[in-house]
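**Student:** Can you read through this structure? Questions will come right after.
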Amino acid sequence: MSVTTPAWMRGVTAPNPGPMTLQGTNTWILGIDGLVVVDPGPLDESHLLDVAMHGAIDHILLTHGHGDHSDGAQRLHELTGAPVSAWDERHVSHGEKLTDAMTLRLAGLDIEILHAPGHTMDSVCFIVSSGSESVVLTGDTILGAGSTVIAHPEGRVDDYLRTLEKLAQLDALVVLPGHGPVTGPASQRAKQYLDHRHARIAQVRDAVAQGATTPEHVLKVVYSDVHDSVRGAALLSAQAHLMFVLED
């Protein structure tokens with residue numbers, strides 16, 4: 165779909181394409197007065213230098229701690245002096261621990277933190293606003309294409325469903341995802357993800373009713389069409405869904 169993005173945002177895609185990262189990790193550079201970088205991406209010097217050359221960076225934010233989003237954060241801090249803030253204190257460097265519903269005023273923008281567990285426990289989304297313009301940065305919670313992995317054991321299906329329900333209330337916000345193209349509106353994408361997830365839960369329930377008792381069995385029955393390159397990730401999701409069904 166065609167979406168309109170604000171003039172105060174731009175994206176730089178890291179050179180780490182693959183089955184899990186799509187075209188690569190999206191590093192988002194936002195700002196009116198100064199710049200905020202969301203998800204510096206992998207530790208790739210050329211990518212980080214490219215990001216740093218966009219202007220004076222005031223702050224670095226992480227949507228979650230997976231290395232394809234966070235490994236470059238410390239190096240970008242060294243290059244720019246910008247503090248790093250994240251939900252997980254292990255990834256904070258001279259910044260602050262993010263909390264749910266916190267609002268930051270950075271680079272002339274209002275940035276609201278939405279705790280978004282599901283993909284991982286430390287996942288957050290950023291609702292970024294200036295005047296009447298708003299976008300939501302979703303990391304791996306909503307992608308520009310396809311669906312995301314629920315990374316068991318830190319990722320949980322029940323958490324993810326609650327997160328998607330919250331995102332479904334965001335109406336027409338443009339989605340800046342961690343991988344893939346800009347998409348939206350947020351409410352529509354979240355509802356599509358909810359439909360997909362409920363369908364997957366139903367498939368796992370059927371598999372359990374037919375005797376599936378292990379993640380490997382669920383993987384074979386429910387995820388039989390996945391490519392070998394993502395079978396490891398699919399097994400994590402199979403574990404998460406099996407746990408959800410057995411606990412329900």
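When we follow our numbering, the leftmost residue of the sequence shown carries the number 165, and every step to the right adds one. Virtual Cβ for every residue (Gly too), placed ideally from N, Cα, C.
Tell me whether D222 sits in a helix, a strand or coil according to DSSP, three-state version.
**Tutor:** Looking at D222 - three-state DSSP - the assignment turns out to be strand.
**Student:** Are the stretch 332-349 and the stretch 295-306 in contact at 8 Å, needing three or more beta carbon pairs?
**Tutor:** Because the criterion of three Cβ pairs below 8 Å is met, the stretch 332-349 and the stretch 295-306 touch.
**Student:** Taking its Cβ as the centre, do 16 or more other Cβ atoms sit within 10 Å of D370, making it buried, or is it exposed?
**Tutor:** D370 is exposed by the Cβ-count criterion.
**Student:** Rounded to the nearest angstrom, what separates R269 and S294 at their Cα positions?
**Tutor:** Between R269 and S294, the C-alpha separation is close to 10 Å.
**Student:** Under a three-way DSSP split, which group does D143 fall into?
**Tutor:** Nothing in the structure corresponds to residue 143, since the chain is present only between 165 and 412.
**Student:** Following the continuous beta strand (DSSP E) through H258, name the residue where it begins and the one where it ends.
**Tutor:** Its beta strand (DSSP E) spans residues 258-261.
**Student:** What is the rounded straight-line gap between the Cα of D359 and the Cα of R353?
**Tutor:** Their Cα atoms are separated by approximately 10 Å.
**Student:** According to DSSP, what are the bridge partners of F290?
**Tutor:** Answer is I277, L301, bridged to F290.
**Student:** Below 8 Å CB to CB, which residues in the same chain sit around I314 once its five sequence neighbours on both sides are set aside?
**Tutor:** Same-chain partners within the cutoff: G282, H283, R320, V321, Y324, L400, S401, A404, H405.
**Student:** Would the stretch 212-224 count as touching the stretch 185-203 if we require 3 or more Cβ pairs under 8 Å?
**Tutor:** As far as the Cβ criterion goes, the stretch 212-224 touches the stretch 185-203, which means the pair count is three or higher.
**Student:** Taking 6 Å as the limit between beta carbons, can you name the residues of its chain near G348, skipping five residues before and five after?
**Tutor:** V167, V338, V339.
**Student:** Can you check DSSP and say which residues form a bridge with M173?
**Tutor:** Note: M173 sits in a beta bridge opposite L194.
**Student:** Determine, using beta carbons only, whether G175 and W192 come nearer to each other than 8 Å.
**Tutor:** Taking 8 Å as the Cβ cut-off, G175 and W192 qualify as a contacting pair.
**Student:** For P247 and S257, which I take to be in contact (beta-carbon distance under 8 Å), what is that distance rounded to the nearest angstrom?
**Tutor:** Contact holds; Cβ gap of about 7 Å.
**Student:** Please name the residue in E411, V409, A397 whose C-alpha comes closest to that of G182.
**Tutor:** Comparing Cα-Cα distances from G182 to each of E411, V409, A397, the minimum goes to A397.
**Student:** When the Cα atoms are used, what is the spatial distance from E276 to D197?
**Tutor:** Each residue's alpha carbon lies about 18 Å from the other.
**Student:** What is the DSSP secondary structure of S296, counted as helix, strand or coil?
**Tutor:** In this structure, S296 counts as coil in the three-state DSSP scheme.
**Student:** Apart from the five residues on each side of it in sequence, which residues of its chain come closer than 8 Å, Cβ to Cβ, to L186?
**Tutor:** Result list for L186: L307, G308, A309, G310, H343, G344, in chain order.
**Student:** Per DSSP, which one or two residues make a beta bridge with S164?
**Tutor:** Since the first residue shown for the chain is 165 and the last is 412, residue 164 is missing from the structure and cannot be characterised.
**Student:** Taking 7 Å as the cut-off, is the C-beta of W251 nearer than that to any heavy atom in the ligand PLP?
**Tutor:** As far as ligands go, the structure on display features none, and thus does not contain the ligand PLP.
**Student:** Classify L399 as helix, strand or coil using the three-state DSSP reduction.
**Tutor:** If DSSP states are grouped into helix, strand and coil, L399 belongs with the helices.
**Student:** Name the one or two DSSP bridge partners that P250 has.
**Tutor:** The sequence shown places Ala at residue 250, rather than the Pro named in the question. According to DSSP, A250 bridges with K261.
**Student:** Applying the criterion that 16 or more other CB atoms from any shown protein chain within 10 Å of the CB defines a buried residue, is M173 buried or exposed?
**Tutor:** The residue is buried, with at least 16 neighbouring Cβ atoms inside 10 Å.
**Student:** Smallest Cα separation from R364: which of D335, V409, E329, G259?
**Tutor:** Residue V409 is the option with its Cα nearest to R364.
**Student:** Can you tell me which of T244, G245, G231 puts its alpha carbon nearest to the alpha carbon of R254?
**Tutor:** Measuring from the Cα of R254, the nearest candidate turns out to be G231.
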